[in-house]
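Chemist: Numbering (the UniProt record's numbering), first residue to last: 1 to 301. We put the CB at the ideal spot given by N, CA and C, even for glycine.
1) Within 10 angstroms of its Cβ, does residue 124 collect 16 or more other Cβ (buried), or is it exposed?
2) Compute the Euclidean distance between the alpha carbons of residue 238 and residue 266, then round it to the nearest angstrom.
3) Using a Cβ distance threshold of 8 Å, determine whether the region 70-81 contacts the region 19-33, with at least three qualifying pairs required.
4) Which ranges does the alpha helix (DSSP H) cover as unbroken runs of at least 4 residues, wholly within the region 214-293, from first to last along the chain?
5) Output needed for residue 207: all residues of its chain with C-beta closer than 7 Å, excluding positions within five of it in sequence on either side, in chain order.
6) Can you list, in chain order, the residues of its chain with a C-beta nearer than 8 Å to that of residue 100? Leave out the 5 residues immediately preceding and following it.
7) Grouping DSSP H, G and I as helix and E and B as strand, with all else coil, what is residue 39?
8) Once you ignore the five residues that flank residue 248 on each side, which residues in its own chain have a CB closer than 8 Å to its CB?
9) Once DSSP output is grouped into helix, strand and coil, what is the label at residue 168?
10) Alpha carbon to alpha carbon, what distance is there between residue 82 and residue 293?
11) Could you name the residues of the same chain whose beta carbon sits closer than 6 Å to that of residue 197, not counting the 5 residues immediately before and after it, in chain order?
12) Would you report the Cα separation of residue 160 and residue 9, rounded to the nearest angstrom?
13) Can residue 180 and residue 170 be called in contact, C-beta distance under 8 Å?
14) In three-state DSSP terms, what is residue 54?
15) State the CB to CB distance for the pair residue 48 and residue 68, rounded to an integer number of angstroms; the pair is presumed to be in contact (CB under 8 Å).
16) Can you grab the Cα-Cα spacing for the pair residue 231 / residue 257, in whole Å?
17) Tell me the DSSP secondary structure of residue 11 in three-state form.
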């Protein structure tokens, strides 16, 4: 990883010391944090995603434990957040708290990950229970909104619980005028029992149609969706703002090309990318993030 001047063992020793002796400093750091507004007309966002580990998803491409080191992850996140054009972060409570204490979230948008209960590879994976932030804590921490995963498997009874929980979260965030970032997938089990997301245009459209109707209002709802084939037809399915997710693409160059094409569509407001930028094939985080930021700037222009 290049340009790792931000790393300091003393910083991370301080994190543990504060957590052990002054846990109230987390809330104090949140209260002091300088915030920024949501994007203006014509502005596109680049958000760094860092909530994968909370669902037990530590792998990146062929490395099953790539995200196992918290210090290494924080180094990469601090570097990514320091690059020009990065608007903010989406993360689980533990990661956001570390970054708050490190002072890495000043002037950035911060979104809290809400449901991480559908652990990767588990028999209950589609039951995406809310085990992270709730709307009240997002508001108390002065965050800018909450993100929820909403996988829809018509053959699994747990799906209806996830839909109900997501609808409640959308409603509670909207009552506080906080953004609800909903990440919907039409999902199914393979013959081996693995849960996989159907990324065909028709399936993505179907998932969007369900997700955008969750809650008593969609006034504060944004979508987080994959860049797939026929994106013009996919985006015609909604009037809600959408952010493109990054995932763990096997071919990063192809992913950049897909993002570039989709960012030109009017409803697409930016990117939310984690592993693809934090753990690029050449391990050059700064260059990967700068490349994504350039795509966002071009779309804005």
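Modeler: Let me lay it out:
1) exposed
2) 11 Å
3) no
4) 231-235, 252-263, 275-278
5) 152, 184, 185, 186
6) 26, 29, 30, 33
7) coil
8) 59, 60, 61, 275, 276
9) helix
10) 12 Å
11) 185, 187
12) 45 Å
13) yes
14) helix
15) Contact doesn't hold; Cβ gap of about 19 Å is too wide.
16) 13 Å
17) helix
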